[in-house]
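For reference, the structure is listed below as structure tokens.
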Amino acid sequence: MNQEKIYLKVPYKEKEQVKKLGAKWDSKSKLWFITNEQDSTLFSKWITEDEVIVPDKTEELIKQLEQGVQEVFTSGSFQNYLNVCSKFHQYSFLNVMLIVLQNPDAGMVKGYRAWQDDLGMKVRKGEKGIRILAPMFYTTPIEQTMERIDNAKTMFTIGNIQIIKNADSSYKLRVGSKVVEGITREKLKKFMQEDVIGKEIIRFQDVYVFDISQVEPIYIQQKEGDKKIHPKAKAFLEAILKKPKTIEADSQLVKKLYQAVWKICRIPIKEKEIKEAGLLGYYSRETDDITIKKGLNQIDKTRVLIHEMVHARLHNPNTNYKEKTRNTREIEAESVTYIVSKKYGFDLADVSFDYIAGWSKNKEVKDLQEVLHTIRKESQSIIKEIDKEIYKQQILEVTVEQENEWEIEAG
90 MNQEKIYLKV
100 PYKEKEQVKK
110 LGAKWDSKSK
120 LWFITNEQDS
130 TLFSKWITED
140 EVIVPDKTEE
150 LIKQLEQGVQ
160 EVFTSGSFQN
170 YLNVCSKFHQ
180 YSFLNVMLIV
190 LQNPDAGMVK
200 GYRAWQDDLG
210 MKVRKGEKGI
220 RILAPMFYTT
230 PIEQTMERID
240 NAKTMFTIGN
250 IQIIKNADSS
260 YKLRVGSKVV
270 EGITREKLKK
280 FMQEDVIGKE
290 IIRFQDVYVF
300 DISQVEPIYI
310 QQKEGDKKIH
320 PKAKAFLEAI
330 LKKPKTIEAD
340 SQLVKKLYQA
350 VWKICRIPIK
360 EKEIKEAGLL
370 GYYSRETDDI
380 TIKKGLNQID
390 KTRVLIHEMV
400 HARLHNPNTN
410 YKEKTRNTRE
420 IEAESVTYIV
430 SKKYGFDLAD
440 VSFDYIAGWS
450 KNKEVKDLQE
460 VLHTIRKESQ
470 SIIKEIDKEI
480 YKQQILEVTV
490 EQENEWEIEA
500 G
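Here the sequence shown is numbered in the numbering used here, starting from 90 and rising by one per residue.
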């Protein structure tokens with residue numbers, strides 16, 4: 090197994106302590122570290138919330154991504170990409186790609202401390218982490234920030250934000266391409282406090298996360314001599330066992346999911362007889378509506394609606410759909426449908442992407458990357474909207490139940 094460094098955040102007065110425990114000094118990064126073959130539990134107090142930091146390797150990760158994009162477009166790897174998107178829909182395109190390239194079977198990832206503190210689980214000794222890019226936010230306190238702005242000779246820059254102090258003591262603020270002139274110090278201070286500190290990304294740093302397959306429960310030593318599983322670990326593992334593996338095991342969830350998709354679709358949906366063999370539904374650009382074949386079961390109807398809704402969102406007359414081939418449009422719609430369906434537990438054993446290698450042949454890396462980015466971004470957006478609708482349904486159900494209980498009590 091390859092040794093990897095786990096970097097520690099050690100106060101000066103504690104350096105002898107970590108040295109005695111076996112940590113080593115990295116003169117290049119100016120940090121203490123241990124390797125993944127050492128017992129990391131001895132050093133848990135020095136492993137920061139930034140997880141396991143490996144300085145100055147972000148460019149290496151970006152290069153790895155560029156090389157990996159073309160590799161994804163083989164049938165097996167492409168499906169791995171979609172599977173990872175379904176499980177990590179909140180992750181950026183870059184981080185989804187990094188997980189695909191390093192551990193395509195990953196099911197749930199967290200940082201070393203997050204596993205330990207939040208779920209009562211620990212990373213097994215010797216496990217190799219997955220490197221992803223984590224945003225580092227601007228965190229300097231407001232008074233110190235304003236002092237820096239006032240003392241700046243020309244321009245003060247934070248991430249995507251530029252601030253210039255004018256001769257009349259007002260400020261010029263540039264956020265990306267947007268420029269605002271004549272801002273007072275009070276308004277600037279409020280903007281910095283509410284919209285910048287803790288929110289503006291100043292850089293990205295590569296960190297290590299670990300998959301659920303790489304962790305095990307923490308056991309707590311009892312006075313009697315026995316060991317007891319950590320209560321957080323017990324609750325976490327019990328929750329996993331209770332979760333249905335496929336949506337077919339929960340007919341109510343199927344119904345709720347269809348209702349949620351129908352709600353977020355926002356264009357007319359109709360059911361009617363479709364005589365064309367193999368055609369289960371279609372989106373019409375002329376009438377801007379969706380038709381679903383009459384008589385489909387709830388699961389098939391939901392999957393067809395998701396597929397056609399993706400066409401309606403990505404390939405309607407107001408988009409650049411004409412710049413994409415028909416095959417590209419179908420790949421986008423089918424891929425997003427796969428991710429969303431996988432997220433909510435559909436059985437997708439019959440789905441195949443064997444044709445993807447032929448489609449991607451001779452295409453530029455930037456074009457392939459754009460397709461992958463579109464698939465991830467659209468699936469992320471749809472999943473977020475569906476979750477919001479399902480949550481609203483659940484709140485409504487609880488409210489109705491409470492009202493019924495009150496009526497019974499009042500009667």
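We treat Cβ as the ideally placed atom computed from N, Cα and C, and that holds for glycine.
Alpha helix (DSSP H) segment containing residue i, residue limits
| i | result |
| --- | --- |
| Ser340 | Ser340 to Cys354 |
| Trp204 | Tyr201 to Leu208 |
| Glu423 | Arg415 to Lys432 |
| Phe132 | Premise fails: Phe132 is in no alpha helix (DSSP H) and is neither H nor E. |
| Gln233 | Ile231 to Asn240 |
| Phe182 | Phe182 to Gln191 |
| Gln282 | First-last for Gln282: undefined, no H or E at that position. |
| Lys102 | Neither: Lys102 is in no alpha helix (DSSP H) and is coded neither H nor E. |
Start and end residues, beta strand (DSSP E) containing residue i
| i | result |
| --- | --- |
| Pro320 | Counting along the chain, Pro320 falls outside any beta strand (DSSP E), though it belongs to the alpha helix (DSSP H) covering Pro320 to Lys331. |
| Arg402 | Per DSSP, Arg402 belongs to no beta strand (DSSP E); it is in the alpha helix (DSSP H), Gln387 to Leu403. |
| Thr359 | Per the sequence shown, the amino acid found at residue 359 is Lys instead of Thr. From DSSP, the beta strand (DSSP E) with Lys359 extends over Ile358 to Lys361. |
| Lys261 | Tyr260 to Val264 |
| Arg292 | Ile290 to Asp300 |
| Val268 | Lys267 to Ile272 |
| Ser373 | Gly370 to Ser373 |
| Lys382 | Asp378 to Lys382 |
| Lys94 | Lys94 to Leu97 |
| Gln310 | Tyr308 to Gln310 |
| Ala223 | Ile219 to Phe226 |
Cβ neighbours of residue i in the same chain (closer than 8 Å, five flanking residues each side left out)
| i | result |
| --- | --- |
| Leu222 | Thr147, Leu150, Ser181, Leu183, Asn184, Leu187, Phe293, Gln294, Asp295 and Val296 |
| Gln311 | Lys317 |
| Ala322 | Leu208, Gly209, Met210, Pro306 and Ile307 |
| Thr273 | Ser259 and Tyr260 |
| Lys113 | Trp121, Phe122 and Ile123 |
| Leu154 | Leu183, Met186, Leu187 and Leu190 |
8 Å Cβ cutoff met for residue i and residue j
| i | j | result |
| --- | --- | --- |
| Ala422 | Ile356 | no |
| Met235 | Ile291 | no |
| Ile381 | Gly367 | no |
| Val350 | Thr408 | no |
| Ile219 | Val99 | no |
| Ile475 | Ile358 | no |
| Leu97 | Leu131 | no |
| Phe280 | Leu208 | no |
| Trp448 | Asn416 | yes |
| Lys431 | Asn192 | no |
| Lys383 | Glu412 | no |
| Val454 | Gln159 | yes |
Cβ separation of residue i and residue j, assumed to be a contact under 8 Å, to the nearest whole Å
| i | j | result |
| --- | --- | --- |
| Asn169 | Val189 | 5 Å |
| Ile420 | Phe162 | Their Cβ separation, rounded to whole angstroms, is 10 Å, which puts Ile420 and Phe162 out of contact at 8 Å. |
| Lys345 | Ile484 | Actually they are not in contact, since the Cβ atoms of Lys345 and Ile484 sit about 12 Å apart, beyond 8 Å. |
| Thr124 | Lys94 | 6 Å |
| Asp300 | Gly157 | Asp300 to Gly157, Cβ: 18 Å. No contact. |
| Lys261 | Ile231 | In fact, because the Cβ distance is near 20 Å, the residues do not count as touching under 8 Å. |
| Val343 | Ile388 | 6 Å |
| Asp115 | Phe122 | 5 Å |
Same chain, Cβ closer than 7 Å to residue i, five either side skipped, listed in chain order
| i | result |
| --- | --- |
| Glu138 | Unreliable placement is indicated for Glu138, whose pLDDT of 42 sits below 50; the coordinate value is still reported in the next sentence. Counting only Cβ-Cβ distances below 7 Å, and skipping sequence neighbours, we find Arg202. |
| Gln303 | Val212, Arg213 and Glu216 |
| Ser468 | Cys174, His178, Val425, Ile428 and Val429 |
| Val285 | Tyr227, Ile247 and Ile250 |
| Leu385 | Leu369 and Val393 |
| Trp204 | Met210, Lys211, Val212, Phe299 and Val304 |
| Ile142 | For Ile142, the predicted structure reports a pLDDT of 41, less than 50, and the residue's modelled location is therefore unreliable. The matter cannot be settled from this model. |
| Glu362 | Lys383 |
| Ile309 | Lys316, Lys317 and His319 |
| Gly287 | Phe226 and Thr228 |
| Gln458 | Val158 |
Close-in-space but distant-in-sequence residues of the same chain around residue i (CB under 6 Å, 5 per side omitted)
| i | result |
| --- | --- |
| Asp257 | none |
| Met244 | Gln251 and Ile253 |
| Gln482 | Lys345 |
| Ile379 | Ile358, Tyr372 and Glu397 |
| Arg263 | Gln251 |
| Arg374 | Pro406 |
| Thr414 | none |
| Glu283 | none |
| Ile502 | This structure cannot settle anything about residue 502, because the visible part of the chain is limited to 90 through 500. |
is_contact[residue i, chain D] using C-beta, thresh 8 Å
| i | result |
| --- | --- |
| Leu326 | Looking at the structure shown, chain D is missing, and only one protein chain is on hand. |
Near the ligand NAP: residue i beta-carbon under 7 Å from a heavy atom
| i | result |
| --- | --- |
| Ser116 | This structure lacks the ligand NAP, and indeed carries no ligand of any kind. |
Item to check | Cβ contact (3+ pairs, closer than 8 Å) linking the region 409–429 and the region 384–396 | outcome: Contact annotation: the region 409–429 touches the region 384–396, with at least three C-beta pairs closer than 8 Å.
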